[in-house]
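The structure under discussion appears below in the form of structure tokens.
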Amino acid sequence: MKQPVLEIRNLNVDYGLGGKAVHAVRDVNLTLHRGEVLGLAGESGSGKSTLAYGMTRLLAPPGVITGGDVIYHPGQAEPYDVLGLSDRGLREFRWNEVAIVFQGAMNSLNPVHRISTQLTDVLRAHQPSMSEHSRTARAREMLKLVGIAPDRMDAYPHQLSGGMRQRVMIGMALILQPQVVIMDEPTTALDVVMQRQILGQLIELRERLGFSVIFITHDLSLLVEFSDRIAIMYGGRIVEEAPAATIYRDALHPYSKGLLSSFPALRGPRRELSGIPGSPPDLAGMPPGCSFHPRCPRAFEPCSTAIPVLGRPEHLTGAGRSVACWLHPVPIPLEKN
Amino acid sequence: ACGESPNANNANASKSVDFLKIGMPNGTQTENHNPFAGTSSANALGYKWMLYEPLTQWNPVKPADPVTPWLASAVKWADDYKSVEVTVRDGAKWSDGQPLTAEDVAYTFTLIKGNDALNQHAIPFGDITVAGNVVKLTFKTPQFVNQNKIMASTPIVPKHVWEKIADPTTDVNKNPVGSGPYTLKSFTQAGVVLSVRTDGGYWQELPKVKELRYTSFSGNDTQATALANGESEWSFVFIPNAKATFVDKDPANHKLWAPGVLGIHGLYINTTVKPFDDVKLRQAMNMVINRTDIFHQAEASYFHPEIKSVTGLPDGAGDAFIAPEYQGKTFKVDVEGAKALLASAGYKLNGTTLNDPAGKPVKIKLSDPAPWSDYQTTLEIIKSNFAEIGIEATVEKPNQDVWDANVQKGDFEASMRWTNGGATPYDIYQTVMDGALLKPLGTAAQQGNFGRFKSPEATTALKAYANSTSDAERTAAMNTIQKVFVEQVPMLPVGADNVGGAYSTKNWTGWPSDADPYSGMQPTQPYALQIVLKLKPANS
Amino acid sequence: MKYFLQRMAFYLFTAWAAITLNFFIPRMVPGDPVQALIAKYRGQLSSEAIASLYVLFGLDKQGSLWSQYLDYWKQIFQGDLGLSFTFFPAPVSQIITQALPWTLLLVGVTTIISFLLGTGLGVLAGWRRGSWTDGLLPVTTFFSSVPYFWLGIIAIYLLAGPDSFFPSSGGFDSGLVPAWDQYFIPSAIQHSLLPALTILISSVSGWILSMRNMMVTVSSEDYITVAHAKGLSERRVALSYAARNALLPNVSGFALALGFIVGGTLLVEIVFSYPGLGFTLLQALGAKDYPLMQGIFLVITISVLVANLLADVAYLLLDPRTRKEG
Amino acid sequence: MTSTQDVDVVLEAVGLTKHFPVRRALRQLFSKQRSAVHAVDDVHLTLRRGHVVALVGESGSGKSTVARLLAQLYPRTGGDIRLHGASTTVHGGRQFRRYASRVQMIFQDPFASLNPVHTIRYHLTRALRVHGNNGDLEPALHDLLNRVSLTPPERYLDKFPHELSGGQRQRVAIARALGARPEALLADEPVSMLDVSIRLGVLNLLRDLKERLNLAILYITHDIASARYFADQTLVMYAGRMVEGGDSETVTQTPAHPYTRLLIDSAPDPDRLTGDVDPLDEDRGNGEPPSLINPPSGCRFHPRCPTAMPRCSTDLPVRLEIGDAPGHWAACWLYDREAVS
Amino acid sequence: MAIPTSSLDQVIPGQGAMAQPATKPKRQRFLFLRNGKAATGLAVLGLYVLLAIIGPWIAPYDPSARSNDLVQAPSAAHWFGTTHLGQDVFSQILVGTRSVMYVGFLAGIIATTLSVLIGVTAGYLGGKADDSLSVLTNVVLVIPAIPLMIIITSVLNNASDTLIALVIGLTSWSWNARVLRAQTLSLRRRDFVEASRATGEKTWRIIVFELLPNLTAVIASGFVGTVIFAVLSEITLAFIGITSNNGWNWGTILFWAQGQQALGQNAWWWFVPAGLAIAVLGTALSLINFGIDEFVSPRLRSAGKTKLRTAAGGTVRMRIGFTPVLDQSSSPHTQARYVATPVARKVGS
Ligand SMILES: Nc1ncnc2c1ncn2[C@@H]1O[C@H](COP(=O)(O)OP(=O)(O)OP(=O)(O)O)[C@@H](O)[C@H]1O
Ligand SMILES: Nc1ncnc2c1ncn2[C@@H]1O[C@H](COP(=O)(O)OP(=O)(O)OP(=O)(O)O)[C@@H](O)[C@H]1O
Ligand SMILES: [Mg+2]
Ligand SMILES: [Mg+2]
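So the protein lines, in turn, are chains S, P, C, D and H. So the first sequence is residues 1 to 337, counted in this note's numbering. So the second sequence is residues 338 to 877, counted in this note's numbering. So the third sequence is residues 878 to 1203, counted in this note's numbering. So the fourth sequence is residues 1204 to 1544, counted in this note's numbering. So the fifth sequence is residues 1545 to 1893, counted in this note's numbering.
Given below as structure tokens:
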């Protein structure tokens, strides 16, 4: 069995406090294993980014982590709770262990510094003993790795195209050889050709360097192609989690099914698309019970009253599957701390 | 940090104070020591009279007193005042060591004669000749009324220096050579430092004050603050509520002395505007003005001494000139008398409104530029005074240029303004009443008679006073002039011009005072030199 | 390069417009210098001096407006600004060179200090929101709304006085001559403290506020989050990432402020009787001294333009995005 | 093509060309050459009643420019736009309004294309008013909202855009376009800013409108799969030029032009196995689209083309029939029979 | 062409349309009143407006009327003491409010109108019109306002408040015009403008009904800023005696107080209140401006709230880059925070 690197347990994230708080992530349990690509899907506003930034405490105000643990397993040492780190500890932890590629590359790069500066200041902060020369050399190496000519080292972000910027960000994420790379919609701003090129490169690098990836997008067909395991979020919760191929072939949750039938396929027979009726829920006024039930074609009695628990449905034996749906009731909830 | 610093000797402050700090509120200065230029720093700060000296000194506080010989040992005017013989003092030396001679005096007047721009008093010079140490000046018209302007207000300059100057009107006289007891030490835009002469060539005993430090302040406020703080020891500036803001800061040393002189401030009435062409109305208005209030509230109880004599002549300086019939006659606020007078002239007081004989309410617009706060306060007081006899006054504050133009063109109803001043009351009355200055409405009357006052009697008398050859004739003319002024009320006199100053006795004593009014008190006038010569260290 | 040429064209045009305006504005002002001089010396200057002054100022002969305008340009190109009336016969250029250093030193230095201090505090306030720095804001808001002259006068009343360290007026001790020596410089500094302090108090808040707002805006940019995610030190994130970007818009504000140094010092100089250009302008105005007014306006406009030019250059250096190729 | 089809032609672009002048750089100041962005070059397309034509291509290939040219929002540099066969050029004013009442445009971003300060009622009222509906507007408004399935209409009329979801906003935008009772609808990426789950609803609505109102629709997208799903005919654009066209199924299933193939191969495909080495990986070459200021000579795709021939860099390829299906063509020398044979 | 534009460029509402639900529409427009700063500012401003209207009627004395209480300290009869003429300072302040508010607001309206006309037109039309309007704007911007105002005012004889407001308004529109131009440029590129053009709307309708409503917050903020500037300018002009205004305003009071050396005679009551009145008015206007700023820029708004109150009553300080972690002692799975606690390996898998 694969080793876990990052375990998210019962994570709760709110925007704001008190009565007006928006519960953007609720009771999320998720485990990322060493070397795997974990896809996180769900429509806009389902809490994917919140989850990703929440686990490294990078949410902008008024985000507040109201509960849960994020347990990180370093290779050799004892695992520890990331949320419990001191500021200094957290700074050391960041990028060394978990690096993030943010949604918009243009906005992720500081417009007034050369990319060489932005690459090397990671090294300067985390490996102060490193010489200036070897820092530059390392930065150069990283750029080469992501397919950017090292002579663009001294370019400013605005002098690079969108794809190049995104690749710089990927290179920057890998510069310290972290265990985990979180990628929040890294390719939505790019066209398909570029998207494939970058993702292909990333998969290749993962094979060489052995890091794990949390890959966030709402493009399920992309996820299915590129990730090992997929977790689907709806209304701040994970509603289904399974190996990619399993989800694609046999999604259990009606929402997952709906998502999958919203994409026209390019190849194969023209299948009829059903989509998902209704509109995404308002996080401030979540419906009681399963938050998907107002849109669910198969909703029945318990859906509107009780929240389904995420777990392995009893009638299934497939490895690493779990779903939160009353159609597939879970016998005993998974371990509770 | 170089040894030859011009500031080096300022550092040894442990010595007892041997300098005097003089301030004037005249703004930034540029270096110009030309004594003839009205715009020069030497003129604005007054230090030209410490470098250059006049032929005689006169005392504006007691204008009837005889003049004090200065560079001239004697001055002899012809009876008709169309020529004068000046005997130049022996032993005076210029600061460059050359002797001061009659040639220098003659050259000075020739210079003025030849340059209209230097002839500030518009003196009609005739021939100028030298005979030994006597200079004879002739004039095209009698100069009785101008005698002190010629003798006491003309700085005598060295011929050997000035004849080399290409254009005396624009030269800044960078290295002034004068006959006075001081020489220029340094100039900055904020002030000037003079130090006492060291060549031993001054013709009198040198003053005790070794250094005069002139500072130019940005305006009245800063100057007054500096006086209160002791940063200035002598100045001529309007200090509002002087007792509280200045004297009380150091009652033992902070002093004010502001004697009146022959020049006054008053409310000019435009005598062409109905109903103010009516003498009776003007008389009534004159009767209700509360000059005491104005003196205390607008003039800080000192600045423009209250005019008491009905002739408009200030106490002290004017005493010698008051006609016998007006001796002892002083202004009193007499509202009832004014009302009675108006009633007799056909005016009707209708409640609080005075109606003229034609039945129209009497209204008057008083105007003066806004920044002249003492005038503005005066107008506010006059306004409430007029209200007591039913005249509704409004105060207008046009800007200064507009006001200037309006007053000169006769486009005003009433306005506070000054008169010219001089050694005799002639200048005062001439400014107000001279028919020779009369211009039609709409044409600028630049020199006087802004109220378009027509009185052939006054015009003749003024002319007679200036041109006659005997004192008796002059006295008769002056009496006539005063009679017209008092009876016709072309202007409502309010306060006297003053030659005052604020000073501190902390370091220096010997200032003129009521007890010893040996001169005026302004640091910018010729007599300032007389004062400086008399100052003694306070602690000696 | 194209950008640069465009800017140059703009500067030339603006300079022409402003200089032309300089020529016409004083001529709109009614009144004439001689009358003004006489009124200034209420009763001290005799009415007879009028004619002599007209001759002196050369006002008795003047050509058409157009020929005056041409002459004016000719003079400007010869670096000749004419003679002042108030300080006749001092050349305008001399008066300006005499006053300008004071203005530049006092207000220039304080403007720079104010900018640096305000920006620094603004960075702090913007970065550490919710800490004590929040208390700074109401105070600074209040001080930025106080009329400057009022503050200055109150400062003189409270702090300057006969026995106080702070002189109430002037640029240096009377009796001293401007020189770079151990007597003059301390005196000049001592005299400049109170004016500088009041300028600082009333101007620093503007910088604090604008910098704080920019910091807040920039702080929520993605690249700041990225910088945090990269585990950079707080200092580096705050300064090199947030403040560095937040500074950019403030640079143009700073340039404008630099430009207005010369024109905006009027009140300081009036209140503190401090030597300088602003007060000279007011005097010139009161005296209808066209040549001086024109000269000072010229200096002001040129300094504003130069400051803007510098800001453009600074912007070019600070913001790589403006350095577009081509 | 039959003549009955020609009767149905609503809007036709013939050799449509648009160059955006770029401000001259300094060094060009002295040369006569004027540089321009060659955003659209020589584009032919035909919109027919009840037909959807899809225009696909990567970002910056000139798709939006084509739409705006057709809507006469930009003056064109060359070519012709024919409305019912008649050449039209409008500059503004009444003429423009008359044109706008027949050809309407829907923008990519429903969040930006509605003015946030106005209600839905305002937006729709303006559309009706401008196009001469001066009577009682209430029934017309209801009708419009019903048509885009925003029911009941009263619930939406007085809402502000921010109170609606993205899909609802896009429906309002469509309703506004319908307010002019157009014959042709130019939909510029109408769903790319929308969430996956709502996209479908909007596309289905458009299809429904096409059928019910017999509209001619130009559907612009970079998602070639949705073109397959939604459009009758698909045109592929690359760097300002049309490179391939034909009925959607043919173009997507048997792409002819190398660029179309690249596009289709790049599209995410769940059926592809994870970890497989990408078949196109090696010969993709430089992934950057070309500069449109100095577009490559000959075929604009040749610098990236795995099958480029010497001829491709010199000669501009012409439309060549592929022959596998009627109307399928590609602008590629690979299909030049004379050269091949 | 413009000199690098202001920070406002970056806070244009709804630039990232997905991220931010664009500008607040009407119903939420007055939401900014909920902003404490804006509400305080508006309350104070309201008081001033009220005084401006009723001041002359409630003033206990005629502000110009002399009395025999010369330079009296504050007392029950004279709340703010008296002047050297025995005038009541409190009445002068009350009566002076009207002129200050009138000039401030009129100048604000004039400058704002000009800046909207010129800025928005330049931004929307672009091309030659933009170039020439921009040059005009920049020339006016470059010419120093206060000296120009002094010169113009000194030309005008006995300028009325209206005339002074006009002068101030005419010399102070350029900065706002530049900001508005930049805003308009960015709005013009927004789809809804194109969309209404595509609908067939007329240009003037687009400017007036589509663009302007979206600029209201920026315009309002510029207006408030100009009012502050105008008030300070009016007072400064009066103080240095350039305006020969016959009526009372706070600058006139200060002019008299300074001319009479009020502080020198320890008559602080004569000098201090007018200055404070100005400062408080300025502060109130600034507060409103902050409110508007925060309203326009959601980032500033949420940044205002740096402390959040938990249900338990504690506060949590927000920090960028370090999301607070709430200590929920009730929660069973909470460890001691802020210590890197090793967690037993068994919990995994
Ligand atoms: N600052 C905030 N204040 C209040 N609610 C917020 C804030 N930021 C995000 N949210 C809410 O939190 C929820 C989750 O947002 P999040 O950004 O995690 O979604 P996402 O799944 O990443 O969506 P997308 O696919 O659009 O990126 C959304 O409903 C959003 O409205
Ligand atoms: N107003 C304009 N001025 C100059 N160049 C322009 C203008 N509008 C578009 N372009 C250029 O024309 C080319 C085509 O742009 P267009 O917007 O039509 O592309 P697109 O295919 O719609 O791209 P996307 O998928 O990103 O919307 C681009 O290179 C763009 O930079
Ligand atoms: Mg997201
Ligand atoms: Mg587009």
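Don't be surprised by glycine CBs; every beta carbon is placed ideally from N, CA and C. In this text, all values refer to a predicted model and were calculated from it rather than measured experimentally.
Judging by CA-CA distance, which residue of the options is the nearest neighbour of residue i?
{"i": "threonine 963 (chain C)", "options": "P:Lys545, P:Leu593, P:Phe613 and P:Thr365", "result": "P:Thr365"}
{"i": "valine 732 (chain P)", "options": "P:Gln745, P:Leu716 and P:Gln664", "result": "P:Leu716"}
{"i": "arginine 1324 (chain D)", "options": "D:Thr1292, D:Pro1364 and D:Gly1449", "result": "D:Pro1364"}
{"i": "lysine 511 (chain P)", "options": "P:Pro372, P:Asp536 and P:Phe822", "result": "P:Pro372"}
{"i": "leucine 1276 (chain D)", "options": "D:Tyr1302, D:Ala1534 and D:Ile1467", "result": "D:Tyr1302"}
{"i": "threonine 806 (chain P)", "options": "P:Ile631, P:Pro827, P:Val482 and P:Ala374", "result": "P:Val482"}
{"i": "alanine 707 (chain P)", "options": "H:Asn1810, H:Gly1795, H:Ala1721 and H:Arg1725", "result": "H:Gly1795"}
For residue i, is the classification buried or exposed, using 16 other Cβ atoms within 10 angstroms of its Cβ as the cut-off for buried?
{"i": "aspartate 1361 (chain D)", "result": "exposed"}
{"i": "serine 1676 (chain H)", "result": "exposed"}
{"i": "asparagine 623 (chain P)", "result": "buried"}
{"i": "lysine 501 (chain P)", "result": "exposed"}
{"i": "tryptophan 1601 (chain H)", "result": "exposed"}
{"i": "alanine 565 (chain P)", "result": "buried"}
{"i": "leucine 1232 (chain D)", "result": "Note on leucine 1232 (chain D): pLDDT 48, under 50, position unreliable in the model; no value is reported."}
{"i": "serine 944 (chain C)", "result": "exposed"}
{"i": "threonine 891 (chain C)", "result": "buried"}
Confirm the yes/no value for this check: CB of residue i, any heavy atom of ligand 4, distance under 7 angstroms.
{"i": "glutamine 1373 (chain D)", "result": "no"}
{"i": "aspartate 1312 (chain D)", "result": "no"}
With a threshold of 7 angstroms on Cβ separation, who are the neighbours of residue i within its own chain once the five nearest residues in sequence on each side are excluded?
{"i": "glycine 1260 (chain D)", "result": "Lys1266, His1425, Val1439, Met1440 and Tyr1441"}
{"i": "alanine 635 (chain P)", "result": "Asp711, Thr714, Thr715 and Ile718"}
{"i": "glycine 42 (chain S)", "result": "Lys48, His218, Ile232, Met233 and Tyr234"}
Taking 7 angstroms as the cut-off, is the C-beta of residue i nearer than that to any heavy atom in ligand 2?
{"i": "threonine 1268 (chain D)", "result": "yes"}
Go through its chain and collect everything with a Cβ distance to residue i's Cβ below 6 angstroms, but skip five positions before and after it.
{"i": "alanine 1387 (chain D)", "result": "Val1213, Leu1214, Leu1250, Val1306 and Ala1419"}
{"i": "proline 495 (chain P)", "result": "Trp431, Asp441 and Val514"}
{"i": "proline 577 (chain P)", "result": "Ala637"}
With a CB to CB cut of under 8 angstroms and the five nearest residues on each side skipped, what residues in its chain are close to residue i?
{"i": "alanine 1673 (chain H)", "result": "Thr1665 and Ala1666"}
Hey, would you say the C-beta of residue i is under 7 angstroms away from at least one heavy atom of ligand 3?
{"i": "glutamate 43 (chain S)", "result": "no"}
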